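Line by line, the protein sequences are chains P and F.
Numbering-wise (this note's numbering), the first sequence opens with residue 1 and increments by one.
Numbering-wise (this note's numbering), the second sequence opens with residue 153 and increments by one.
Glycine included, C-beta positions come from ideal geometry on N, C-alpha and C.
Note that this is a predicted model, so its numbers are computed, not measured.
Inspection log for the structure reproduced underneath, given as structure tokens.
There are 2 protein chains.
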Amino acid sequence: MTQLASTPSTLRPEGYPRLCELIKDIDFTMFTTVAEDGSLHSRPMATMQLDADRAELWFFTSIDSPKVAEIYHERTVGLSYASPGKNNYVSVSGRAYIVRDTDKVTELWTPAAKIWFPQGVNDPHLVLLRVVIESAQFWDSPSSMVVQLWGL
Amino acid sequence: MTQLASTPSTLRPEGYPRLCELIKDIDFTMFTTVAEDGSLHSRPMATMQLDADRAELWFFTSIDSPKVAEIYHERTVGLSYASPGKNNYVSVSGRAYIVRDTDKVTELWTPAAKIWFPQGVNDPHLVLLRVVIESAQFWDSPSSMVVQLWGL
Ligand SMILES: Cc1cc2nc3c(=O)[nH]c(=O)nc-3n(C[C@H](O)[C@H](O)[C@H](O)COP(=O)(O)O)c2cc1C
Chain P
1 MTQLASTPST LRPEGYPRLC ELIKDIDFTM FTTVAEDGSL HSRPMATMQL
51 DADRAELWFF TSIDSPKVAE IYHERTVGLS YASPGKNNYV SVSGRAYIVR
101 DTDKVTELWT PAAKIWFPQG VNDPHLVLLR VVIESAQFWD SPSSMVVQLW
151 GL
Chain F
153 MTQLASTPST LRPEGYPRLC ELIKDIDFTM FTTVAEDGSL HSRPMATMQL
203 DADRAELWFF TSIDSPKVAE IYHERTVGLS YASPGKNNYV SVSGRAYIVR
253 DTDKVTELWT PAAKIWFPQG VNDPHLVLLR VVIESAQFWD SPSSMVVQLW
303 GL
């Protein structure tokens, strides 16, 4: 049987280091939220941190952005990481929370973030998005079985 | 203003040729469905056709695959196309339909599909997924405004 009919082939809570390894070279995820009418919308987002101990991913965003309103309405989010060159594809399911925490912003700040927040860490619009990972899968070749990294 | 706080900058029903151009070089999309518990799941999928006249995308899949059950339960899907090398990112929102149509399968068949359907066009598990595009946006550089390609 091919992987098409497969359910995830392995349950690996210990898959966490592999998740880190896979996504550390993929700068941008497509971050999917559920709009109020139920439709799914994605946009590229720079991953600021993958916190292995807490199974969390952190992002910067603007409090005014439509995705923040969508997340207040519905926390369920999906993140996909694609590295077509290496044939690596990762799917993360989770819940997103809007967090205001200047210390955390300072910890995660990089000069590259100035493209979006020219005022830097004290930009009044800058908020954190914390995504608690509920499950993750990856594929590393077209004929591979999907591998469950995390979750049920 | 940066794109983080932006709403789509342009309404372009005429954005269709650009959508074709952007996704024709991206072999695989991350195809997101809504599971019965509301969580979002993505998996890589090969785009078999973008039908410009009908605003439809076509895929092959197996009738037994969990995504088919998810789509029967909830048609709303999100597709993301990422080309990190070229810095192109596309989000498509739509509705998915399961279609059995051997003529259409034959029309879209490519030998590459044998990886998933070794029995070829007559594989009894092979069904078509038709995605009717409701809206699409793209980003072509980190600092760009999002561009609305299609839809409201
Ligand atoms: C690069 C790549 C391309 C794939 N293309 C397809 C495809 O076109 N159709 C398909 O059903 N599965 C494809 N798969 C497998 C799916 O990603 C997935 O594992 C399978 O369809 C089962 O998905 P489901 O359990 O979510 O239903 C592809 C996998 C990879 C790695």
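Residue i CB to nearest heavy atom of ligand 1 below 8 Å
i                           : result
tyrosine 97 (chain P)       : no
methionine 190 (chain P)    : Residue 190 (chain P) lies beyond the residue range present for chain P, which begins at 1 and ends at 152; the question has no answer from this structure.
aspartate 189 (chain F)     : no
threonine 185 (chain F)     : yes
lysine 266 (chain F)        : no
asparagine 240 (chain F)    : no
aspartate 48 (chain P)      : The identity of residue 48 (chain P) in the sequence shown is methionine, whereas the question assumes aspartate. No, Cβ of methionine 48 (chain P) sits at least 8 Å from all heavy atoms of ligand 1.
proline 236 (chain F)       : no
serine 93 (chain P)         : no
phenylalanine 180 (chain F) : yes
Proximity to residue i [Cα-Cα], best of the options
i                        : options                                   : result
aspartate 62 (chain P)   : P:Ile115, P:Tyr89 and P:Val127            : Sequence inspection shows serine at residue 62 (chain P); the aspartate mentioned does not correspond to that position. Looking at the Cα atoms, P:Val127 is the closest of the given residues.
serine 93 (chain P)      : P:Gly15, P:Ala113, P:Thr106 and P:Ile133  : P:Ile133
isoleucine 267 (chain F) : F:Val186, F:Thr184, F:Ala198 and F:Tyr168 : F:Ala198
methionine 30 (chain P)  : P:Val121, P:Ser83, P:Tyr97 and P:Asp64    : P:Ser83
alanine 69 (chain P)     : P:Ile98, P:Phe28 and P:Glu107             : P:Ile98
tyrosine 233 (chain F)   : F:Asp292, F:Pro169 and F:Val273           : F:Asp292
arginine 247 (chain F)   : P:Pro124, P:Asp123 and P:Ser39            : P:Ser39
histidine 125 (chain P)  : P:Ala136, P:Pro66, P:Ile26 and P:Glu36    : P:Pro66
threonine 110 (chain P)  : P:Glu36, P:Met48 and P:Asn87              : P:Met48
aspartate 255 (chain F)  : F:Ala264, F:Asn239, F:Gly272 and F:Asn240 : F:Gly272
Residue i - containing beta strand (DSSP E), residue span
i                        : result
alanine 234 (chain F)    : 228-235
threonine 199 (chain F)  : No beta strand (DSSP E) holds threonine 199 (chain F); DSSP gives it neither H nor E.
valine 92 (chain P)      : 88-99
glutamate 188 (chain F)  : Glutamate 188 (chain F) -> no beta strand (DSSP E), and no H or E assigned at all.
tryptophan 268 (chain F) : No beta strand (DSSP E) contains tryptophan 268 (chain F), which DSSP labels as neither H nor E.
alanine 136 (chain P)    : 126-139
Beta-carbon spacing of residue i, residue j below 9 Å
i                           : j                          : result
serine 42 (chain P)         : threonine 184 (chain F)    : yes
phenylalanine 138 (chain P) : leucine 57 (chain P)       : no
valine 105 (chain P)        : phenylalanine 60 (chain P) : yes
valine 90 (chain P)         : isoleucine 26 (chain P)    : yes
glutamate 188 (chain F)     : histidine 225 (chain F)    : yes
N-terminal and C-terminal residue of the alpha helix (DSSP H) that residue i is part of
i                        : result
threonine 110 (chain P)  : No alpha helix (DSSP H) holds threonine 110 (chain P); DSSP gives it neither H nor E.
arginine 170 (chain F)   : 168-176
isoleucine 223 (chain F) : 218-225
Proximity test, residue i beta-carbon vs ligand 3 heavy atom, cut-off 8 Å
i                    : result
lysine 256 (chain F) : You won't find ligand 3 in this model; what it holds is ligand 1.
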